[in-house]
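In our numbering, the protein residues as written are 75 to 394.
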């Protein structure tokens, strides 16, 4: 996680990196995926086999030489297969999770919007997304939970059932934060969610949630049993001092952000059960070999379709 925090980019940073990479003479297209579990650059090179994609990406992202050693490269069909598996949730920390498909689609749309992608990458990503949708509809995935939000709530569900009047504070009004709120409410928990802007009609508040201003979050912490943070903030939303000052401390503190929202030192406080995105994933480990085998059969079919398109494209370009 310490490593991934250095390459966790927001949308504005992604757009900037895409623009820099796309200016390279040997690059015909690029798509960048940056999530809590991975940062990946998909680069389409034009007549430039000797180009180093790691060098291209790290220079655009202003990463030092030590970081360059931390990347690995996949090419050709190996890359295509990996992307299809990624979209299907095979490589997610929580197997078969739903959110990765949305993230893959969003990455493709940002690249298209920036004029950074090319025909090969557009088609590759569309085929991967189509394949993932078919996997979701045709296969029943026996993952512990289909999302990080769901897994975090599953972790505390037994506690909620036993604790009368269980209360939770969710910091973050994004997609993950709202999903956490919905699932906590469904379990019967009283939920507060933070918002940064008052009277903003664009803010979506899950039904049943109580709203508090973000800057008042510390005042509510002593009164909740569960504290979950899921923001895109580059700064900590919960410090060790905030928790130390609480006369009554939450039983569960869960950090769903990368970079981390919550000071990991809170995990050393007696009586607190602390989880972050990595340790949460460990709670969801199981044998998914049967599901993976079925998924790979579907992936092979869709890879064949992409290969046929690509071969035809090369023939047409040769004719021109």
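Virtual Cβ for every residue (Gly too), placed ideally from N, Cα, C.
Measure the Cβ-Cβ separation of residue i and residue j and say whether it is below 8 Å.
i           : j           : result
residue 161 : residue 178 : yes
residue 364 : residue 343 : no
residue 131 : residue 184 : no
residue 368 : residue 157 : no
residue 154 : residue 195 : no
residue 231 : residue 328 : no
residue 73  : residue 271 : The chain is shown only over 75 to 394; residue 73 falls outside these bounds and no answer can be derived.
residue 223 : residue 107 : no
residue 229 : residue 348 : no
residue 167 : residue 355 : yes
residue 282 : residue 259 : yes
residue 304 : residue 246 : yes
residue 346 : residue 316 : no
residue 115 : residue 104 : yes
residue 314 : residue 337 : yes
What does DSSP give as the partner residue(s) for residue i in the beta ladder?
i           : result
residue 268 : 286
residue 241 : 264
residue 108 : 113
residue 101 : 119
residue 303 : 245, 329
residue 312 : 336
If we count the other Cβ atoms within 10 Å of its Cβ and call it buried at 16 or more, is residue i buried or exposed?
i           : result
residue 127 : buried
residue 78  : buried
residue 290 : exposed
residue 299 : buried
residue 173 : buried
residue 387 : exposed
residue 374 : exposed
residue 82  : buried
residue 111 : buried
residue 335 : buried
residue 238 : exposed
residue 217 : At residue 217 the pLDDT is 42, less than 50, meaning the model places this residue with poor confidence and gives no usable figure here.
residue 86  : exposed
residue 176 : exposed
residue 293 : exposed
residue 385 : exposed
residue 211 : exposed
residue 389 : exposed
Note down, one range per segment and in chain order, each beta strand (DSSP E) of at least 3 residues found wholly within the segment 113-153.
113-119
What ranges does the alpha helix (DSSP H) occupy inside the segment 195-237, keeping only unbroken runs of at least 4 residues that lie completely in it?
222-236
For a minimum of 4 consecutive residues, which ranges assigned as the alpha helix (DSSP H) are wholly contained in the segment 328-370?
351-356
So does the segment 236-245 actually touch the segment 253-267, counting three or more Cβ pairs closer than 8 Å?
yes
Quick test of the definition: if touching needs 3 or more C-beta pairs under 8 Å, does the segment 280-287 touch the segment 299-313?
no
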